[in-house]
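J.:
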Amino acid sequence: MLLKLDIGDTRPLHEQVAGAIRRAVAEGELAPGDKLPPARELSRALGVNSNTVLRGLRTLRDEGVLEFRRGRGVTVAAGADTRSELVGRVRKLVEDAALAGYSRNDLVDMIRGMS
Numbered sequence: 000m001l002l003k004l005d006i007g008d009t010r011p012l013h014e015q016v017a018g019a020i021r022r023a024v025a026e027g028e029l030a031p032g033d034k035l036p037p038a039r040e041l042s043r044a045l046g047v048n049s050n051t052v053l054r055g056l057r058t059l060r061d062e063g064v065l066e067f068r069r070g071r072g073v074t075v076a077a078g079a080d081t082r083s084e085l086v087g088r089v090r091k092l093v094e095d096a097a098l099a100g101y102s103r104n105d106l107v108d109m110i111r112g113m114s
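Under numbering that gives the first Met the number 0, the residue at position 93 of the sequence shown is numbered 92, and the numbers go up by one with no gaps.
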């Protein structure tokens, strides 16, 4: 697994770490059940602090893309490839809505109105 961060990207580093892993899942480089390298190894490879990597990994855990298992490390969750794609599309929707002047609450209200 080869992850890269873009030094020109203005997003916080932990978001870039999460995005790089999301991209690897979406492109099939990481599949459900695959084990990720330890956070220290990822931090060395990416040139960032291990706490930054851990924060990115926790974000992905909270999204359901990764699973943390004590004694077994971090693995890609079942169905992560579809979750990763959906999360990416939702993030894009939130960005587009913000550019159009809508808040996240406005989006939630719109979605609730669809059901």
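Built from N, CA and C at the ideal position, the CB exists for glycine as well.
Just so you know, these numbers come straight off a predicted model, no measurement behind them.
Between E28, R103 and T51, which has its C-alpha nearest A17's C-alpha?
T.: The option with the nearest alpha carbon to A17 is T51.
J.: Which ranges would you report for the beta strand (DSSP E) in the segment 8-88 if only whole runs of at least 3 residues count?
T.: With a minimum length of 3 residues, the continuous beta strand (DSSP E) runs that stay inside the segment 8-88 are 65-68 and 72-75.
J.: Would A76 pass as a contact of V64 if the rule is Cβ separation under 7 Å?
T.: Yes.
J.: Look up K3 in the DSSP assignment and say whether it is helix, strand or coil.
T.: If DSSP states are grouped into helix, strand and coil, K3 belongs with coil.
J.: How is G100 classed by DSSP in three states: helix, strand or coil?
T.: Correct three-state label for G100: coil.
J.: Taking C-beta to C-beta, are L4 and Q15 nearer than 7 Å?
T.: Yes, Cβ-Cβ distance for L4 and Q15 is below 7 Å.
J.: Comparing C-alpha positions only, which one of E94, M109 and I110 sits nearest to R10?
T.: Nearest C-alpha to R10: E94.
J.: Roughly how many whole angstroms lie between the Cα atoms of F67 and A44?
T.: Rounded to the nearest angstrom, the two C-alpha atoms are 21 Å apart.
J.: Is it right to say R103 is buried, meaning 16 or more other beta carbons lie within 10 angstroms of its own, or is it exposed?
T.: Its Cβ having fewer than 16 others within 10 Å, R103 is exposed.
J.: Is the beta carbon of R57 closer than 7 Å to that of S49?
T.: No, these two residues do not count as a Cβ contact at 7 Å.
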